[in-house]
Amino acid sequence: MEYLLYYLLLNLYGSAITWRFFAAAGIPTWKAFVPVYRTYIWTQVADRPWWWTILAYIPVVDNAMA
919 MEYLLYYLLL
929 NLYGSAITWR
939 FFAAAGIPTW
949 KAFVPVYRTY
959 IWTQVADRPW
969 WWTILAYIPV
979 VDNAMA
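Take 919 as the starting number for the sequence shown in this note's numbering and just add one per residue.
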């Protein structure tokens with residue numbers, strides 16, 4: 919139960935930050951609240967291929983992508 923609460927709070931925090939960025943970039947803000955889709959939109963904004971979304975969720979590879 920505590921992990922679920924932690925995940926929800928972390929997702930809400932990340933969504934709030936991304937929401938501000940999406941609003942400034944002219945992207946519909948509802949997309950900031952969908953976790954994996956949010957990462958896909960980030961890769962599109964960074965002009966990277968779609969499969970970078972998958973790489974972003976692999977523990978060691980995500981640090982190399984940054």
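Don't be surprised by glycine CBs; every beta carbon is placed ideally from N, CA and C. Keep in mind that this is a model prediction, so the values were computed, not measured.
Asn929 has its alpha-carbon roughly 19 angstroms from the corresponding atom of Asn981.
Membership of Ile972 in the alpha helix (DSSP H) is indicated by the continuous run 970–973. Rounded to the nearest angstrom, the gap between the Cα atoms of Tyr925 and Tyr931 is 10 angstroms. If you look at Phe940, you'll find it in the alpha helix (DSSP H) that goes 920–943. By the neighbour-count definition (other C-beta atoms within 10 Å, threshold 16), Ile976 is an exposed residue.
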